[in-house]
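Numbers given in this note's numbering equal positions in the sequence shown, counted from 1, plus 24. No residue lacks a Cβ here, since even glycine has one placed at the ideal position from N, Cα and C. Written below as structure tokens is the structure these notes are about.
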Amino acid sequence: MYGEAMPDIDSDKWFEAMKFEIVSIGPNQVWTLVNPSKGIKPVGCKWVYKRKLRADGEVTAFKARLVEKRYTQPPGVDFEETYSPVALTKSIRILLAIAAWPDIAYALSVTSRYQACDEEAHWNTIKTILKYLRRTKNMFLIYGVGELILEGYSDASFQSDDDDAKSQSGFVFKLNGGMVAWKSSK
Numbered sequence: 025m026y027g028e029a030m031p032d033i034d035s036d037k038w039f040e041a042m043k044f045e046i047v048s049i050g051p052n053q054v055w056t057l058v059n060p061s062k063g064i065k066p067v068g069c070k071w072v073y074k075r076k077l078r079a080d081g082e083v084t085a086f087k088a089r090l091v092e093k094r095y096t097q098p099p100g101v102d103f104e105e106t107y108s109p110v111a112l113t114k115s116i117r118i119l120l121a122i123a124a125w126p127d128i129a130y131a132l133s134v135t136s137r138y139q140a141c142d143e144e145a146h147w148n149t150i151k152t153i154l155k156y157l158r159r160t161k162n163m164f165l166i167y168g169v170g171e172l173i174l175e176g177y178s179d180a181s182f183q184s185d186d187d188d189a190k191s192q193s194g195f196v197f198k199l200n201g202g203m204v205a206w207k208s209s210k
């Protein structure tokens, strides 16, 4: 909290960390200042501070993040409203874990390295791939005859990993409800 960080003996380091955070907001386009709608109270923000420590306990960095106060939104007010279709990175990862099936191209490329080998383990792998293909030969995507509806969701977080200060981003595109492209990266 700001009230605890400023009287701290390391207040000058906290202040520098806050300046770094504010300066990085502009170039990374993570903040847009807008006028609030009439009768709507905007969600506030607060500073969160963290000392990054080495294994021996020595402080290596002072980090300050400006975060939104989500807990100030009254229950039920604009809760069901969706202003832009954005999925959280965690949601995308869960969705990908559910939807990810074995990539047959990768499996074939790995087994093709051992074409000259006639060891039983390699043949068992090839048999497994062929069995998978036989079980899934009747599976395919149907998009229907109506209008094609493309949905895209993306999310990004700036320096969200406290350990390595890396940003995370991801996206998923769906065509008539079926995923056609996705990515999650750090």
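Helix, strand or coil for E45, going by three-state DSSP, please let me know. It is helical.
Can you check which of these residues, L172, P51, N162, V91, is closest to K70 by C-alpha distance? When each option's Cα is compared against that of K70, the closest is V91.
For K43, which option in E171, R89, S209 has the closest C-alpha, if you only look at C-alpha atoms? In this structure, R89 is the residue among E171, R89, S209 with its C-alpha nearest to the C-alpha of K43.
Would you mind giving the Cβ-Cβ distance between F182 and N52, rounded to the nearest angstrom? I have them listed as a contact below 8 Å. Contact between F182 and N52 holds: their C-beta atoms lie close to 5 Å from each other, under 8 Å.
DSSP puts F86 in a beta bridge; with which residues? Beta-bridge annotation (DSSP): F86 is paired with R75.
In or out: A29 buried (at least 16 other Cβ within 10 Å) or exposed? Per the 10 Å Cβ criterion, buried.
Bridge partners of M203, per DSSP? According to the DSSP secondary-structure assignment, M203 is paired through a beta bridge with K198.
Can you tell which of F197, L154, S61 has the C-alpha that lies nearest to the C-alpha of Y177? Nearest of F197, L154, S61 to Y177, Cα basis: F197.
Tell me the rounded alpha-carbon separation between C57 and P31. Rather than Cys, the amino acid found at residue 57 in this sequence is Leu. Cα-Cα distance, rounded: 29 Å.
Residue-chain proximity (E175, chain D), Cβ-Cβ < 7 Å: Looking at the structure shown, chain D is missing, and only one protein chain is on hand.
Could you check the C-alpha separation between L137 and Q192 for me, to the nearest Å? Residue identity differs from the one stated: residue 137 is Arg in this sequence, not Leu. Answer to the nearest angstrom: the Cα atoms are 34 Å apart.
Look up V91 in the DSSP assignment and give the residues it is bridged to. Looking at the DSSP assignment, V91 forms a beta bridge with K70.
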